[in-house]
Amino acid sequence: MDLGLMGPGSQESRVFPKQGRVRVLCSVHRHMRMEVYVTPNAYFAEVKNNRYVIKNVPPGTYTIKAWVSNGRIRSAASTITVTSGKMAVWDVELRRRGRRRSR
1 MDLGLMGPGS QESRVFPKQG RVRVLCSVHR HMRMEVYVTP NAYFAEVKNN
51 RYVIKNVPPG TYTIKAWVSN GRIRSAASTI TVTSGKMAVW DVELRRRGRR
101 RSR
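Going left to right, the sequence shown walks through residues 1 to 103 as UniProt numbering numbers them.
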């Protein structure tokens, strides 16, 4: 999907028909890009000041995943249990991928 021809301050909304990763590109500025991950639910987190919160998650056991789309950082995933009335905490540290040695 290319949103590169939108004017300053303009907005556009889209409905994504299927689950998965959607890459958004800019045909004007090649360095400008982002990814949207479409899920069948409304639960997600945006990181601000190295912290995140996902609110109003129903009790249950879930898989939670964190990643950086540039591929230089290792992703992390874990199973977490949410209990009614309690805060579930998942502290994660994303680490840089090791460099391959050339021979």
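Even glycine gets a Cβ: it sits at the ideal position worked out from N, Cα and C.
Quiz item: Per DSSP, I54 is paired with what?
Solution: Here residue 54 is taken as the residue at index 54 of the sequence shown, counted from 1. For I54, which the question treats as bridged, DSSP gives no partner whatsoever.
By the DSSP assignment, the beta strand (DSSP E) with T81 in it spans what residues?
Here residue 81 corresponds to residue number 81 of the sequence shown, with the count starting at 1. Annotation for T81: the continuous beta strand (DSSP E) segment containing it runs 76–82.
Could you check whether T61 and A77 sit closer than 8 Å to each other, using their CB atoms as the reference points? Against the sequence shown, residue 77 aligns to sequence position 77. Against the sequence shown, residue 61 aligns to sequence position 61. No; because the gap between Cβ atoms is not below 8 Å, this pair is not in contact.
Indicate, with yes or no, if the ligand ATP has a heavy atom lying under 7 Å from the CB of G9. The ligand ATP is not part of the structure shown, which contains no ligands of any sort.
So what does DSSP say about V24, is it helix, strand or coil?
Position 24 of the sequence shown, counted from the start, is the residue given in the question as residue 24. Here V24 sits in strand by DSSP.
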